[in-house]
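In what follows, a structure is listed as structure tokens, so that the remarks can point back to it.
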Amino acid sequence: MALLEINALSVRFGGVAAVTDVSLVVNAGEIHGIIGPNGAGKTSLINAVTGMVAAHSGSIRFLGKEIAGVAPHLISSLGLGRTFQHVELFGDRSVFDNVLTGFYRHQSYGLLAAAFRLGKAGQSERKTREQARLLLEAFDLAAYAETRAGLLPFGIQKRVDIARALAAEPKLLLLDEPVSGMSEAEAEAAVTTMRKLAREHGITLVVVEHNMHVLMNLAERVIVLNQGRLLASGTPAEMQANTAVIEAYLGDAA
Amino acid sequence: MTWRIILQLALSGLSIGSIYALVGLALVLPFKASGIVNFAQGEIVTFGAYLALILSGLGLPYLAVVPLVLVGAAMFGMATERLLIRPIANQPEFTLVIVTFAIGFVIKAAIRLHWQDNTFSIDAPFVGPPLVLGALRLNPAYLVFILSTVVVVAALFLFFGYSKFGKAMRATALDPIAAKLMGIRIGSVFSAAWALSTMLGAFVGLLLAPVIGINPEIGHLILKGLVAAVIGGFSSLGGAVVGGLLLGLLETYAGAFFGATFKNLVPFGVLILLLLLRPQGLAGASSVRRV
Amino acid sequence: MRARVLLILAGLALLAALPLVATSYYLYLVELAMINVIVAVGLNLLSGNCGQISLCNASFMGIGAYCTALCTTHFGLPTLIALPASVVVSALLGAALGYPARRLSGLYLALTTLGFLELVGIVIEEFPDYTGGIRGLKVAKPDIFGLILQSNAALYFFVFVLTIAAVVVGANVQRSRYGRAFDAVRQSPFAAQALGIPVARVKVIAFSLNAAFAGFAGGLLASVVGFIDPPEFGILTSIQHITFIVVGGLGSITGSIVGAVALTALPEALRGVQEYAELIYGLILLGTLLFLPKGLVGLVARLEMLRPAKPLTEPPAKPPAKEPAYGAS
Numbered sequence: 001m002a003l004l005e006i007n008a009l010s011v012r013f014g015g016v017a018a019v020t021d022v023s024l025v026v027n028a029g030e031i032h033g034i035i036g037p038n039g040a041g042k043t044s045l046i047n048a049v050t051g052m053v054a055a056h057s058g059s060i061r062f063l064g065k066e067i068a069g070v071a072p073h074l075i076s077s078l079g080l081g082r083t084f085q086h087v088e089l090f091g092d093r094s095v096f097d098n099v100l101t102g103f104y105r106h107q108s109y110g111l112l113a114a115a116f117r118l119g120k121a122g123q124s125e126r127k128t129r130e131q132a133r134l135l136l137e138a139f140d141l142a143a144y145a146e147t148r149a150g151l152l153p154f155g156i157q158k159r160v161d162i163a164r165a166l167a168a169e170p171k172l173l174l175l176d177e178p179v180s181g182m183s184e185a186e187a188e189a190a191v192t193t194m195r196k197l198a199r200e201h202g203i204t205l206v207v208v209e210h211n212m213h214v215l216m217n218l219a220e221r222v223i224v225l226n227q228g229r230l231l232a233s234g235t236p237a238e239m240q241a242n243t244a245v246i247e248a249y250l251g252d253a254a
Numbered sequence: 255m256t257w258r259i260i261l262q263l264a265l266s267g268l269s270i271g272s273i274y275a276l277v278g279l280a281l282v283l284p285f286k287a288s289g290i291v292n293f294a295q296g297e298i299v300t301f302g303a304y305l306a307l308i309l310s311g312l313g314l315p316y317l318a319v320v321p322l323v324l325v326g327a328a329m330f331g332m333a334t335e336r337l338l339i340r341p342i343a344n345q346p347e348f349t350l351v352i353v354t355f356a357i358g359f360v361i362k363a364a365i366r367l368h369w370q371d372n373t374f375s376i377d378a379p380f381v382g383p384p385l386v387l388g389a390l391r392l393n394p395a396y397l398v399f400i401l402s403t404v405v406v407v408a409a410l411f412l413f414f415g416y417s418k419f420g421k422a423m424r425a426t427a428l429d430p431i432a433a434k435l436m437g438i439r440i441g442s443v444f445s446a447a448w449a450l451s452t453m454l455g456a457f458v459g460l461l462l463a464p465v466i467g468i469n470p471e472i473g474h475l476i477l478k479g480l481v482a483a484v485i486g487g488f489s490s491l492g493g494a495v496v497g498g499l500l501l502g503l504l505e506t507y508a509g510a511f512f513g514a515t516f517k518n519l520v521p522f523g524v525l526i527l528l529l530l531l532r533p534q535g536l537a538g539a540s541s542v543r544r545v
Numbered sequence: 546m547r548a549r550v551l552l553i554l555a556g557l558a559l560l561a562a563l564p565l566v567a568t569s570y571y572l573y574l575v576e577l578a579m580i581n582v583i584v585a586v587g588l589n590l591l592s593g594n595c596g597q598i599s600l601c602n603a604s605f606m607g608i609g610a611y612c613t614a615l616c617t618t619h620f621g622l623p624t625l626i627a628l629p630a631s632v633v634v635s636a637l638l639g640a641a642l643g644y645p646a647r648r649l650s651g652l653y654l655a656l657t658t659l660g661f662l663e664l665v666g667i668v669i670e671e672f673p674d675y676t677g678g679i680r681g682l683k684v685a686k687p688d689i690f691g692l693i694l695q696s697n698a699a700l701y702f703f704v705f706v707l708t709i710a711a712v713v714v715g716a717n718v719q720r721s722r723y724g725r726a727f728d729a730v731r732q733s734p735f736a737a738q739a740l741g742i743p744v745a746r747v748k749v750i751a752f753s754l755n756a757a758f759a760g761f762a763g764g765l766l767a768s769v770v771g772f773i774d775p776p777e778f779g780i781l782t783s784i785q786h787i788t789f790i791v792v793g794g795l796g797s798i799t800g801s802i803v804g805a806v807a808l809t810a811l812p813e814a815l816r817g818v819q820e821y822a823e824l825i826y827g828l829i830l831l832g833t834l835l836f837l838p839k840g841l842v843g844l845v846a847r848l849e850m851l852r853p854a855k856p857l858t859e860p861p862a863k864p865p866a867k868e869p870a871y872g873a874s
């Protein structure tokens with residue numbers, strides 16, 4: 001059973017068709033790419049899959065369950081996570097708190113337990129804080145733990161965004177332009193991290209990028225969007241040789 | 255239940271509704287221009303009334319006082335916008351809402367400092383015995399309220415529809431960045447919107463002062479203005495006018511048929527129902543942000 | 546850290562010893578300040594942390610006050626039942642307001658809370674058989690296990706202990722996953738949803754919690770003052786509450802305490818210039834909003850930043866052989 005199955009999905013904003021009739025199948029353990037020039041509808045596609053935007057027609061199935069029209073937080077609870085193109089960190093809290101917030105759905109103590117610091121709450125907090133600490137270390141963020149997230153350079157913020165998304169333990173992670181705004185070195189490190197996430201921790205990745213170069217080294221399969229429609233799909237190498245794809249990118253040198 | 259009573263009530267309702275309409279207009283104007291609701295609008299009405307009191311005390315007749323108050327209010331509005339609102343325009347919505355409340359608070363406190371809670375009165379040419387028209391008795395003040403609103407609405411319609419600056423203001427309300435790119439000085443537009451809105455508020459104060467007296471609590475009617483604006487979806491000037499008139503009518507009939515308690519409940523019942531069920535009002539577009 | 550704890554304990558000890566030296570008037574003033582602290586802590590959770598504007602905080606205080614008054618005076622219930630009952634009633638009404646309002650924000654939310662405020666005010670005035678209407682309501686002194694708290698000292702300790710409890714509860718909630726959820730909803734509802742945080746439900750919880758604190762404070766106020774009337778729970782009081790947290794510092798428990806204490810003391814300090822009191826109060830609010838957006842707590846933080854800071858550097862490169870242990874889960 002495919003992990004994520006998108007079938008003939010269309011997303012419209014008023015009269016504008018952002019995504020038209022896109023289909024995609026992602027199997028567990030894969031690294032999938034979604035590529036296209038700016039304005040191709042990539043972010044709208046992610047927004048529709050994560051429930052933040054309503055789908056006009058078509059179906060989205062995650063783990064066999066139809067999720068189109070389901071509330072976003074419920075979709076995340078099923079194990080679908082995402083990172084944001086513009087990061088969306090909780091800017092005035094520390095990096096540690098940001099990542100700690102990522103563990104929300106794994107904590108279950110109630111309001112009364114929180115208010116009176118009952119045993120259940122205390123235990124959950126201790127355990128989760130330790131997990132957050134380890135996660136920060138894994139992402140080389142320990143030095144920034146107490147820094148206000150909003151003050152950090154963009155590249156580091158992106159790392160925090162990924163770490164935070166991972167705290168929720170997603171089965172499938174949608175990454176929206178994870179290396180945009182990063183330097184060469186940072187981008188390479190990010191790619192290495194992503195590959196490690198997929199290989200060693202079994203997280204399925206769907207990476208949205210407009211930079212073909214990045215996906216060349218990372219994705220196994222790629223779909224190309226242009227003006228909201230599916231242009232082509234195949235391996236990155238095939239896409240680089242595809243004339244229609246090259247034409248779409250003319251003027252958008254990757 | 256005779257026709258005479260129904261018509262009489264309608265007149266009452268429309269006249270007080272006109273006042274609500276004007277306050278509603280004053281609220282929607284700066285909101286359309288700069289996205290800020292001026293919760294000090296009630297105190298602007300009070301300010302207008304007290305300014306009239308001061309000028310009247312200097313011996314000026316009512317008709318001379320009117321233009322002076324309007325000019326004074328416009329200047330006050332522009333000063334407020336430049337000095338207090340524009341510097342904080344980028345703060346979260348929370349701050350913006352509270353700032354206008356604070357401005358109103360300061361205005362009211364300053365007024366009470368000088369005049370305490372006494373009620374004053376001034377004379378005006380339209381205060382007098384009821385006019386008799388067939389079977390109807392018309393309070394001339396009511397007529398003035400209704401006529402003034404008609405004139406104001408017509409003037410605004412012409413201004414926004416046909417004058418260059420009016421169109422510039424509409425453009426800025428739709429898309430400030432595009433307006434800027436077209437050479438429109440949006441700073442002037444914001445100032446003008448606030449000046450216009452302050453003038454409207456002060457005008458209401460001028461109308462009410464001779465009729466209900468001048469005291470610091472006049473400003474309480476901002477709530478009615480808010481309801482009027484919400485009925486109009488807070489995005490439509492025409493909607494605010496219709497909203498005000500509707501509210502006036504609803505209140506008056508409710509009070510007549512069901513008593514004072516019900517009358518007081520009407521505005522807030524309407525407000526809450528609309529906000530929860532149809533925030534875009536009866537006229538506005540369905541673009542209210544819902545997360 | 547140690548120093549801070551000692552400072553707090555010293556301060557609490559001083560407060561506890563106050564009845565020995567202070568007159569009944571000053572005790573009353575401190576009691577008012579403590580009740581305002583409870584209000585501020587609750588409001589800060591809703592508005593400072595969760596970012597939801599509420600102009601009807603005074604209403605919930607009033608609901609708690611009238612509820613306690615009715616329970617003790619009308620139904621003769623002991624205070625230890627009346628107060629929790631008031632908290633529960635307030636919390637339920639807070640949820641009742643929060644639920645339909647959960648999708649609103651900014652202006653529309655402010656207007657809805659304003660409407661609620663007016664509605665509650667009207668209900669209080671239109672049912673004088675229960676609420677005493679505009680003439681107000683007398684409230685019996687607190688009755689703890691049959692012991693009536695008559696003396697100033699007893700009343701003071703009653704409020705003192707309950708205030709500490711409320712502040713601790715507030716701090717606990719803020720440090721818990723709920724506090725983090727509140728902040729997340731304020732700063733980025735999209736990121737919050739992506740992490741599985743139910744944004745709408747969190748807002749309702751925040752409203753309910755705020756109402757509970759306000760209702761608790763209201764019940765205490767009724768018990769301490771012995772008399773309540775409608776003007777105490779109007780828009781002006783709501784703005785006062787907002788002033789506490791704006792001046793003190795949004796989103797901070799310390800800010801709530803500092804703001805509430807400073808602004809309860811202020812009208813007292815202005816007693817000599819009574820007529821100017823309102824004006825000065827308004828100007829302080831305006832001034833803080835314009836020049837100190839992060840409140841007094843923010844001012845202290847900024848002053849601290851002026852101290853020579855540790856430079857923000859990249860951590861030294863790790864030896865390539867070491868594999869980061871992402872085995873956290």
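Protein chains in written order, with the numbering used here: chain A, 1 to 254; chain B, 255 to 545; chain C, 546 to 874. Glycine is no exception: its CB is placed at the ideal position from the N, C-alpha and C atoms. Note that this is a predicted model, so its numbers are computed, not measured.
Measuring alpha carbon to alpha carbon, tell me which of the options ends up nearest residue i.
i	options	result
V443/B	E335/B, E297/B, G302/B	E335/B
I365/B	E297/B, G497/B, G502/B	E297/B
F380/B	G388/B, I400/B, N372/B	I400/B
S94/A	T193/A, L152/A, A68/A	L152/A
L682/C	I689/C, V842/C, D674/C	D674/C
Could you give the distance in angstroms between the alpha-carbon of residue i and the alpha-carbon of residue j?
i	j	result
L250/B	A54/A	This structure cannot speak to residue 250/B, because chain B is shown only from 255 to 545.
L172/A	S76/A	10 Å
L559/C	I553/C	10 Å
L166/A	G202/A	12 Å
P384/B	G473/B	27 Å
L24/A	H73/A	22 Å
V206/A	L527/B	44 Å
I276/A	A585/C	Since the first and last residues shown for chain A are 1 and 254, residue 276/A lies out of range.
G497/B	F457/B	19 Å
Can you tell me where the beta strand (DSSP E) with residue i in it begins and where it stops?
i	result
V224/A	221-226
H210/A	Looking at the DSSP string, H210/A is not in any beta strand (DSSP E), and its letter there is neither H nor E.
S233/A	229-234
E768/C	Residue 768/C is actually Ser in this sequence, not Glu. S768/C -> not in any beta strand (DSSP E); alpha helix (DSSP H) instead, spanning 744-770.
G81/A	80-83
D176/A	172-176
Does the CB of residue i have a neighbour CB from chain B at under 8 Å?
i	result
A655/C	yes
L828/C	yes
I667/C	yes
E671/C	yes
L638/C	no
At least one CB of chain C closer than 8 Å to the CB of residue i: is that the case?
i	result
A280/B	no
T506/B	no
A356/B	yes
E297/B	no
Since residue i is in the alpha helix (DSSP H), which residue starts that stretch and which ends it?
i	result
H32/A	Run containing H32/A: none in the alpha helix (DSSP H); it sits in the beta strand (DSSP E), 31-35.
Taking CB distances under 8 Å as the criterion, tell me whether residue i reaches chain A.
i	result
I750/C	yes
Of all Cβ atoms in chain D, is any one closer than 8 Å to the Cβ of residue i?
i	result
E347/B	Structure shown: chain D not included; protein chains present are A, B and C.
State whether the region 357-376 of chain B contacts the region 803-810 of chain C, with contact taken as three or more CB pairs (one from each stretch) at a distance under 8 Å. no
Assess, as a yes-or-no matter, whether the region 482-495 of chain B is touched by the region 614-626 of chain C under the definition of 3 or more beta carbon pairs within less than 8 Å. no
Within 8 Å, do at least three Cβ pairs link the region 701-716 of chain C to the region 775-788 of chain C? no
Counting pairs of beta carbons, one from the region 82-101 of chain A and one from the region 61-68 of chain A, are three or more of them closer than 8 Å? no
When you compare the region 295-309 of chain B with the region 459-475 of chain B, are there three or more beta-carbon pairs, one atom per stretch, that lie closer than 8 Å? yes
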